[in-house]
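According to UniProt numbering, the stretch in the sequence shown is residues 1 to 411, in order.
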Amino acid sequence: MPGSDVASAMSTSQLASNASSGTKRKRGMDKKFYAVRTGYKPGVYSTYADCLAQVKGFKKAIFKSFSTLTDAERFVAGENPIDSASASSHPKFYAVRSGRVPGIYTDWAQVQEQITGWQKPKHRCFSTRAEAQRFIDGGDVVPKNEASPNTTPVLDDPDAFFTYNDGISQLSEASQAPERKIAKKNGSSGSRKSPLNTIENYEEVYEPGTGPLPPNAEDGFDPNIMLDPDSGKLVYKTEEQRQAMKRGPLGGSMTGPIRIHTDGSSIGNGTTGAFAGVGVYFGPGDRRNISERLQGTRQTNQRAELTAVQRALEIVPKNREVVIITDSKYSIDCVTSWFQNWRRNGWKNAAGKAVENRDLIENILTRIEERDKLRPKSTTFEWVKGHSTNEGNVQADRLAVEGARSGAQLI
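What follows is the structure, encoded as structure tokens:
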């Protein structure tokens, strides 16, 4: 695959095998190759779940699905190939209702220029220009007397695995599924729009964790799903579980700052065979604790430290005060002082070289600035001496080391 940063280590045959044996969607979709051009780990993936793991929470991620491995690799390399399967079927009209330049487009690359980085873009794919125009005008997408079997919701469109912007799923009007029959509890059926405005409707359309975020999502997380401890798979919560009280931050206070310990670890730091891990510690037995391997090809301690801070800010509500406690002075200085000069100098350091780890630093700054808009100065940092008697730091380090070791075991 072109480029050293391409993340897919699988061969063509492995990808084909994995794609054919992966989870089958309800709509009987053909085998697809998911290309991540911009994300935690760019590359080609054989399942949408693997693709989603690389883009969810990554600012301005760009990804797309293809019917051939060759086209997917070309997309990762920076090209915009026309998917052979979609090109041979029927034309597509991409309607951009909210973006830089609203309008109707026939080329997906042009659509990406209008929506990537745009706050809450709204866009959708249609098989006719008239339907696309109705969408832009804000009218009914498919009137009852003109329903077209070829109208393609964006989630079903092979060119329409869009972008994630600022860590929030921006699948826009994808949540407005076309009219369909829905069975009622009394056995009758009725026709109605399906805007995913109820969790029951949401469950009928998408597998857990694969659809757009529901209206009650918080900070990019769907509160209606959970990890089944028995099967290890994502499942929808029962009504009882949805109504259960949420666990509060440490100490039981819902008003004070949330204190989070973060740490990073790299086994063999600085060498080509290094493995890094991320640790985020909220408290004993807290389900929000994180221990995971560092994504990407650069397995350094500094990237692990910064990623731990980023992951912590992804989890906590944006309107709550938070204190990030870390033994990394580098991480603290990057996001509290050094970045000011770097921004003024076009992200060049004092030596005139490109600032390392800029992607992570900018992601953290974006989250801090979003939080500041809701509550000024709500994100603060505390430095603690590493490998000392501080229990929170000890536990965060343990989680980071375990994450690094889990990465080493994959080889």
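In this text, a Cβ means the ideal position worked out from N, Cα and C, and glycines have one as well.
If only complete runs of 3 or more residues are kept, the region 72-129 shows the beta strand (DSSP E) at 93-98, 103-105, 122-126, in order along the chain. Gln340 and Asp333 have their alpha carbons spaced roughly 10 Å apart. Around the beta carbon of Leu360, a 10 Å sphere encloses 16 or more other beta carbons of the protein chains shown; the residue is thus reported as buried.
Within the UniProt domain "RNase H type-1" (254-405), the runs of alpha helix (DSSP H) that reach at least 4 residues and sit entirely inside it are, in chain order, 301-315, 329-333, 339-344, 358-374. At least 9 Å separates the beta-carbon of His387 from that of Asp372. The continuous beta strand (DSSP E) containing Tyr34 extends over residues 33-38. If you look at Lys64, you'll find it in the beta strand (DSSP E) that goes 61-66.
Taking a 10 Å sphere around the C-beta of Arg375, we find fewer than 16 other C-beta atoms and assign the residue as exposed. Excluding the 5 residues flanking it on each side, Gly268 has same chain C-beta neighbours closer than 6 Å at Ala274, in chain order. By the CB criterion at 9 Å, Gly270 and Thr307 fall outside the cutoff. Taking C-beta atoms under 8 Å as the contact rule, Ser98 and Pro81 fail to qualify, at a distance of about 27 Å. The beta carbon of Ser378 is closer than 6 Å to those of Glu321, Arg371 in its chain, skipping five residues each way along the sequence. By the neighbour-count definition (other C-beta atoms within 10 Å, threshold 16), Pro317 is an exposed residue. Rounded to whole angstroms, the Cβ separation of Val309 and Thr326 is 7 Å, and the two are in contact under 8 Å. Looking at the DSSP output, Val235 sits in a beta bridge with Met226. Here the C-alpha atom of Gln110 lies approximately 18 Å from the C-alpha atom of Ala72. Take the alpha-carbon of Gln241 and the one of Asp228: they are about 12 Å apart.
Your pair Asn289 and Leu365 does not check out as a contact, with CB atoms roughly 25 Å apart and the cut at 8 Å. In the structure shown, Gly138 falls within a coil segment according to DSSP collapsed to helix, strand and coil. Spatial neighbours of Pro102 in its own chain (CB-CB distance under 8 Å, excluding positions within 5 residues in sequence) are listed in chain order as Val96, Gln114, Ile136.
In the displayed model, Gly57 falls within coil according to three-state DSSP, outside both helix and strand. Looking at the backbone, the Cα of Thr272 and that of Pro91 are separated by about 47 Å. The beta carbon of Ala312 sits closer than 7 Å to the beta carbons of Ile260, Thr262, Val280, Ile324 from its chain, once the five residues preceding and following it are set aside; these are given in chain order.
Shown here for Arg358: same chain residues with a beta carbon closer than 7 Å to its own, the five before and five after excluded, namely Trp347 in chain order. With a contact defined as Cβ atoms closer than 8 Å, Gly277 and Arg293 qualify at about 5 Å.
Taking every protein chain shown into account, the CB of Ser266 has 16 or more other CB atoms within 10 angstroms, so this residue is buried.
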